[in-house]
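Undergrad: Before anything else, here's the structure in question.
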Amino acid sequence: MRSQNAAKRLDVAAPTPSPPSQAQPAKLSVAGLTVTFPVDGTHRTVLEAIDFECHEGELVCLLGPSGCGKSTLLNVIGGFLKPTQGQVLIDGAPVTGPDPRRIFVFQERGVFPWLTVEGNIGFGIQHLPAEERRQRVAHYVEMVGLRGFERAYPAELSGGMKQRLEVARALAVGPDMLYLDESFGALDYITRHNLRRELLHLWATERKTILFVTHDIDESVQLANRVVVMAARPGRIQRVVDIDLPYPRDISSARYLRYRDELLEELGLAHQR
Amino acid sequence: MTLAPARQPAVRLALAARSMAGLGVMVLAWDLALYMSGAPLLPRPWHVVLGMAELLTRGVLLKHVAASLFRVTWGFLLAVAVAVPLGFLLGRNQRVGKALAPLIHLLRPISPLAWIPIAILWLGVGDPPAIFIIFLASTPPLALAAMNAARNVPQVYVHAGRNFGLGPRELFLRVLLPASVPELLVGLRLTLGIAWLVVVAAEMIAVNSGLGFLIVDSRNAGNRYDLVVAGMVLIGVTGLLLDRAVVRLARGYLRGRDMVGDAS
Amino acid sequence: MGASRKTLETLLLPALTGGVLLAVWHAAVVLTKTHIFPSPWQVLLGIQELADQGRLVPYVLDSLNRVLTGYLLAVAVGLPGGLVLGLHAPAAHVAAPVIQLLRPISPLAWIPVSIILFGIANTATIFLIFLASLFPITLATMDAVRNVPAIYLRSGQNFGLGRYALLRRIILPAALPHALTGLRLSFGIAWLVVVAAEMIGVDSGLGYLIIDARNAGKRYDLVVAGILLVGGIGLSLDLLMRWLERARALRWAYQRDP
């Protein structure tokens with residue numbers, strides 16, 4: 001009963017982001033990317049010849065089974081791992097390391113347990129004058145619904161609150177891209193739904209480019225305007241599916257279900273007919 | 001933090017060289033300090049090597065090492081026999097825990113050597129008081145480690161065991177004990193380290209054999225500081241080997257069981 | 001009601017155990033008709049006697065003084081040392097064999113050497129305490145730094161922190177609780193060692209009290225009094241350290257997940 005309400009809220013509350021134009025030059029371009037790790041004396045290819053582009057303001061999901069290297073890909077794009085071959089360009093410049101203009105959101109484990117909610121959100125904006133910092137922290141506390149918990153430590157928060165806190169910490173520095181690595185994966189069904197709705201809301205209001213790694217087909221169809229489907233051994237791009245559905249998305253509409261079936265089939269999970 | 005890829009021989013060699021470098025610098029610094037200060041009594045590294053050779057030819061080196069190991073083994077095993085069941089009782093039975101834990105906390109900060117007068121009064125001189133002191137030193141830390149290990153066994157394992165109809169005895173043998181082995185091994189290793197520290201100290205006061213006695217005796221009988229330091233080196237090396245042996249046993253047990261243990 | 005019964009139990013049960021132990025001890029002394037081993041009451045009188053002679057407080061203070069001096073010196077060396085070893089893996093590789101070799105050497109085994117080095121027995125005792133606490137402090141700090149989860153470091157880098165800022169804003173706060181636990185445990189070791197060292201090297205302090213009471217006239221009432229004092233003071237010191245460990249700045253580490 002409640003879960004149905006929560007699912008339906010997705011349709012009611014999500015605002016309408018304008019569809020991103022694909023005519024501009026690419027925000028992010030990944031070209032000929034290959035990553036190998038040494039394993040037991042040999043080299044295992046984790047990612048092979050990855051090519052894709054992502055435009056300003058897009059929300060792209062990297063979808064695939066576990067072990068397909070989607071997290072590795074996100075880590076390379078984030079600058080935490082060096083590729084073996086190929087390169088990642090953002091705004092035309094190669095990525096050489098992590099950068100505060102592009103924040104990586106881990107599962108909720110990434111919040112700093114020694115800082116309060118305020119301390120966490122203010123973490124990346126220490127260089128700002130105190131008054132401006134205070135305002136920005138207050139703004140994002142409000143935006144992710146953590147009012148009343150400003151002085152609480154993460155250990156006092158629920159999983160969903162910690163996840164919102166981590167998103168708020170990322171947004172507070174005003175990044176132009178967000179990388180989310182299965183960020184909602186450890187949460188319960190209802191919380192996950194609500195956070196997706198909130199993410200879409202943030203996407204609409206803040207105009208960020210978002211890369212979202214997930215193995216959840218529903219998540220990708222609900223969120224993405226494009227889904228990059230990956231396959232494993234070696235990790236590669238199998239297909240790119242444009243989800244041409246208006247936001248807010250009706251998750252029981254026939255078109256939604258067709259996209260869902262299409263992705264199930266791509267991953268080899270469709271019903272045998 | 002880093003991945004642990006298979007180590008190539010060259011990498012291993014470099015690591016071994018680094019380890020040797022540390023020891024080399026220590027010996028060199030020791031030698032240089034004595035050379036520069038010209039302290040008359042303290043031995044230089046070379047004298048210690050000669051002293052070690054002298055102990056070996058006199059046939060007392062192995063005798064002292066064996067005497068210390070003998071006492072540690074018995075004291076430690078007695079402590080294991082008492083402290084592990086006691087710790088499990090403390091950990092799994094709240095009432096017993098509340099009643100006895102404060103007592104253990106009171107006993108723990110008492111230096112084991114402080115018991116020497118009483119140990120000698122009750123047990124005379126020789127091996128028994130030394131073993132008793134090692135037993136006293138090892139029991140509180142081991143009991144507390146076993147208590148924590150027992151408390152940290154996930155409740156789901158206990159529920160699962162009960163679900164399969166295990167009685168208290170079986171629950172202990174088939175669920176609690178195996179589930180707490182990794183943490184218990186850490187406690188055993190730390191306690192054996194303590195036992196080794198204590199046996200040497202006890203031997204300096206209470207008995208007339210063992211590595212602790214070797215040190216005191218070498219000083220009192222003729223200021224043979226080369227033998228004092230040789231004794232210290234022997235203590236360090238034996239203690240290190242003892243520790244490595246426990247780590248190796250623990251690793252052998254934990255390997256392939258997908259259990260977390262701090263056997264570094 | 002359930003809660004208050006629990007607290008009552010927490011207080012009553014240990015008191016009960018203590019009472020039973022004292023009774024058994026007293027009965028054992030009476031039944032065996034020993035004249036050597038004291039009864040609990042005689043021990044209490046022994047403590048009274050020490051206080052009257054003006055030895056009780058100075059001995060306790062001497063022991064505390066030694067333990068604090070040696071321990072604080074070890075903290076001053078071991079904390080920064082452990083930090084460096086935790087941050088810099090090659091340095092840890094070089095230092096590890098030296099530490100592993102020196103650590104199993106009983107601090108008391110250093111007595112002959114330290115007396116030569118320092119001449120004065122009191123300084124030599126402090127040196128022993130310094131040595132005994134140095135290794136555990138260094139190793140605990142090193143472990144604390146190494147065990148800072150990689151995810152925090154990566155978050156910090158992502159927000160553009162440099163090396164120094166990473167140290168100050170991520171590594172130090174994340175490692176602090178674990179390091180402080182190491183400091184507390186090391187203090188316990190220092191307390192064990194000061195009593196042991198005082199039994200050999202010096203002529204004041206609680207360790208000296210115990211060995212002297214036995215050697216000068218088999219005063220076992222004073223021996224047991226000394227042992228109980230050592231235990232009681234050591235326990236109080238441990239509780240004090242635990243209380244400090246839970247200071248407000250570290251509240252985060254001890255909160256439970258809801």
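Chains as they are written, first to last, in the numbering used here: chain A, 1 to 273; chain B, 1 to 264; chain C, 1 to 258.
A virtual CB, placed ideally from N, CA and C, is assigned to each residue, including glycine.
Chain A partners of tyrosine 152 of chain C, CB-CB under 7 Å?
TA: What you label residue 152 of chain C is simply residue 152 of the third sequence in a count that begins at 1. Near tyrosine 152 of chain C (Cβ distances below 7 Å), the residues of chain A are Phe112.
Undergrad: Just grab the DSSP bridge partners of histidine 55 of chain A for me.
TA: Counting from 1 along the first sequence, the entry for residue 55 of chain A is found at position 55. Answer is none; histidine 55 of chain A lacks a bridge partner.
Undergrad: Using a cut-off of 7 Å between C-beta atoms, extract the partners of glutamine 157 of chain C located in chain D.
TA: Although the question refers to chain D, the structure presented lacks it and instead comprises the protein chains A, B and C.
Undergrad: Can you pull the chain C residues whose beta carbon is under 7 Å from the beta carbon of phenylalanine 80 of chain A, in chain order?
TA: Counted from its first residue, the first sequence places residue 80 of chain A at position 80. Arg154, listed in chain order.
Undergrad: Beta carbons nearer than 7 Å to chain A: which residues of the region 160-178 of chain C have them?
TA: Correct list: Gly160, Pro173 and Ala174.
Undergrad: Kindly indicate which three-state DSSP category valine 43 of chain C falls into: helix, strand or coil?
TA: If you number the third sequence from 1, residue 43 of chain C lands on position 43. Here valine 43 of chain C sits in helix by DSSP.
Undergrad: Nearest to threonine 73 of chain B by CA position, among B:Asp127, B:Leu13 and B:Gly161, is which residue?
TA: Indexing the second sequence from 1 puts residue 73 of chain B at position 73. Out of B:Asp127, B:Leu13 and B:Gly161, B:Asp127 has the C-alpha closest to the C-alpha of threonine 73 of chain B.
Undergrad: By DSSP's criteria, proline 94 of chain A is part of a beta bridge. Which residues make up the other side?
TA: Indexing the first sequence from 1 puts residue 94 of chain A at position 94. Paired residues: A:Leu89.
Undergrad: Taking beta-carbon pairs under 9 Å, can you tell me which members of the region 216-234 of chain C lie near chain B?
TA: Within the region 216-234 of chain C, the residues whose Cβ lies closer than 9 Å to some Cβ of chain B are Lys218, Tyr220, Val223, Val224, Gly226, Ile227, Leu228, Val230, Gly231, Gly232, Ile233 and Gly234, listed in chain order.
Undergrad: Taking 8 Å as the limit between beta carbons, can you name the residues of its chain near proline 112 of chain B, skipping five residues before and five after?
TA: The residue labelled residue 112 of chain B in the question sits at position 112 within the second sequence. Answer for proline 112 of chain B: Ile133, Ile134, Leu136, Ala137, Val198, Ala201 and Ala202, listed in chain order.
Undergrad: If we cut at 7 Å on Cβ distances, does glycine 124 of chain A have a partner in chain C?
TA: By 1-based counting over the first sequence, the position of residue 124 of chain A is 124. Yes - at least one Cβ of chain C is within 7 Å of the one on glycine 124 of chain A.
Undergrad: For isoleucine 120 of chain C, which three-state DSSP category applies?
TA: Walking along the third sequence from the start, residue 120 of chain C turns up at place 120. DSSP places isoleucine 120 of chain C in coil when its eight states are reduced to three.
Undergrad: Quick one, which of C:Leu87, C:Pro14, C:Leu237 and C:Val194 has its alpha-carbon nearest alanine 175 of chain C's?
TA: Locating residue 175 of chain C in the third sequence gives position 175, where the first residue counts as 1. Closest option to alanine 175 of chain C, Cα to Cα, is C:Leu87.
Undergrad: Taking the alpha carbon of threonine 214 of chain A as the point to measure from, which residue in A:Cys68, A:Ala170 and A:Arg258 has its own alpha carbon closest?
TA: Translated into positions along the first sequence, residue 214 of chain A becomes position 214. The shortest C-alpha separation from threonine 214 of chain A is found at A:Cys68.
Undergrad: Mind pulling the chain C residues with CB within less than 8 Å of histidine 105 of chain B?
TA: For this step, residue 105 of chain B is matched to residue 105 along the second sequence. Chain C residues near histidine 105 of chain B: Leu235 and Asp238.
Undergrad: Assign arginine 37 of chain B to one of two classes, buried (16 or more other C-beta atoms within 10 Å of its C-beta) or exposed (fewer than that).
TA: Stepping through the second sequence from its first residue, residue 37 of chain B is reached at position 37. Note on residue identity: the sequence assigns serine, not arginine, to residue 37 of chain B. With fewer than 16 Cβ atoms within 10 Å of its Cβ, serine 37 of chain B is classed as exposed.
Undergrad: Taking only beta-carbon atoms, is tyrosine 259 of chain A less than 7 Å away from chain C?
TA: The sequence position of residue 259 of chain A within the first sequence is 259, counting from 1. Tyrosine 259 of chain A does not count as touching chain C.
Undergrad: So is aspartate 217 of chain B buried or exposed if we call it buried at 16+ other beta carbons inside 10 Å?
TA: Counting from one through the second sequence, the residue named residue 217 of chain B turns up at place 217. Its Cβ being crowded by 16 or more others within 10 Å, aspartate 217 of chain B is buried.
Undergrad: Report the CB separation of phenylalanine 112 of chain A from phenylalanine 123 of chain A in whole angstroms; it is logged as a contact under 8 Å.
TA: What you label residue 112 of chain A is simply residue 112 of the first sequence in a count that begins at 1. What you label residue 123 of chain A is simply residue 123 of the first sequence in a count that begins at 1. About 7 Å; that satisfies the 8 Å criterion.
Undergrad: Bridge partners of histidine 201 of chain A, per DSSP?
TA: If you number the first sequence from 1, residue 201 of chain A lands on position 201. The partner list for histidine 201 of chain A (beta bridge, DSSP) is empty, contrary to what the question assumes.
Undergrad: Does any residue of chain B have a CB that is nearer than 7 Å to the CB of valine 30 of chain C?
TA: If you number the third sequence from 1, residue 30 of chain C lands on position 30. No, valine 30 of chain C lies away from the interface with chain B (no Cβ there is under 7 Å from its Cβ).
Undergrad: In chain order, which alpha helix (DSSP H) runs of at least 4 residues are fully inside the region 89-121 of chain C?
TA: Those alpha helix (DSSP H) runs which fall completely within the region 89-121 of chain C and span 4+ residues are 89-102 and 111-118.
Undergrad: If we cut at 7 Å on Cβ distances, does serine 138 of chain B have a partner in chain C?
TA: Counted from its first residue, the second sequence places residue 138 of chain B at position 138. By this cut-off, serine 138 of chain B is not an interface position.
Undergrad: Using a Cβ cut-off of 7 Å (strictly closer), state whether aspartate 257 of chain C contacts chain A.
TA: Along the third sequence, one-based indexing puts residue 257 of chain C at 257. Note that aspartate 257 of chain C scores a pLDDT of 39, beneath 50, so its modelled location is shaky and nothing firm can be said.
Undergrad: Would alanine 206 of chain B and isoleucine 116 of chain B be called neighbours here (beta carbons separated by less than 7 Å)?
TA: As a first step, residue 206 of chain B is located in the second sequence; it is residue number 206 there, counting from the start. As a first step, residue 116 of chain B is located in the second sequence; it is residue number 116 there, counting from the start. Yes; because the gap between Cβ atoms is below 7 Å, this pair is in contact.
Undergrad: Determine, using beta carbons only, whether tyrosine 153 of chain A comes closer than 7 Å to chain C.
TA: The residue given as residue 153 of chain A occupies position 153 in the first sequence. Yes, because at least one Cβ of chain C sits closer than 7 Å to the Cβ of tyrosine 153 of chain A.
Undergrad: Strictly below 7 Å CB to CB, what residues from chain C border glutamine 103 of chain A?
TA: As a working note, residue 103 of chain A is residue 103 in the first sequence. A quick correction: the sequence has isoleucine, not glutamine, at residue 103 of chain A. Result: Asn158.
Undergrad: Let me know the alpha helix (DSSP H) ranges lying completely inside the region 207-232 of chain C, each 4 residues or longer, listed in chain order.
TA: None, since the region 207-232 of chain C contains no complete alpha helix (DSSP H) of that length.
Undergrad: At what residues does the alpha helix (DSSP H) containing alanine 221 of chain B begin and finish?
TA: As a working note, residue 221 of chain B is residue 221 in the second sequence. Per DSSP, alanine 221 of chain B belongs to no alpha helix (DSSP H) and is neither H nor E.
Undergrad: Check whether the Cβ of isoleucine 106 of chain C lies closer than 7 Å to any Cβ atom in chain B.
TA: For the purposes of this step, residue 106 of chain C is identified with residue 106 of the third sequence, where counting begins at 1. Strictly speaking, residue 106 of chain C in this sequence is serine, with isoleucine absent from that position. Closer than 7 Å: yes.
Undergrad: Am I right that serine 106 of chain C and isoleucine 120 of chain B are in contact with their C-beta atoms under 8 Å? What's the rounded C-beta distance?
TA: For the purposes of this step, residue 106 of chain C is taken as the residue at position 106 of the third sequence. For the purposes of this step, residue 120 of chain B is taken as the residue at position 120 of the second sequence. The pair is not a contact, with the Cβ atoms about 19 Å apart (cut-off 8 Å).
Undergrad: Find the residues of chain C that neighbour tryptophan 74 of chain B, judging by a C-beta separation of less than 7 Å, and give them in chain order.
TA: Reading the second sequence from its first residue, position 74 is the one you call residue 74 of chain B. Near tryptophan 74 of chain B there are no residues of chain C at all, since even the closest Cβ is about 18 Å away, more than 7 Å.
Undergrad: Classify proline 80 of chain C as helix, strand or coil using the three-state DSSP reduction.
TA: Residue 80 of chain C sits at position 80 when you count from the first residue of the third sequence. The answer is helix: DSSP assigns proline 80 of chain C an H, G or I state.
Undergrad: Could I get the ranges of all uninterrupted alpha helix (DSSP H) runs contained in the region 48-77 of chain C, with 4 residues as the minimum, in chain order?
TA: Complete alpha helix (DSSP H) runs here, min 4: none at all.
Undergrad: Suppose you measure from the CA of glycine 193 of chain B to the CA of proline 104 of chain C; what does that come to, to the nearest Å?
TA: Within the second sequence, numbered from 1, the residue matching residue 193 of chain B stands at position 193. Within the third sequence, numbered from 1, the residue matching residue 104 of chain C stands at position 104. If you take the alpha carbons of glycine 193 of chain B and proline 104 of chain C, they lie about 7 Å apart.
Undergrad: Can you tell me the Cα-Cα spacing of leucine 173 of chain B and valine 181 of chain B, whole angstroms?
TA: Counted from its first residue, the second sequence places residue 173 of chain B at position 173. Counted from its first residue, the second sequence places residue 181 of chain B at position 181. So the alpha carbons of these two residues sit roughly 11 Å apart.
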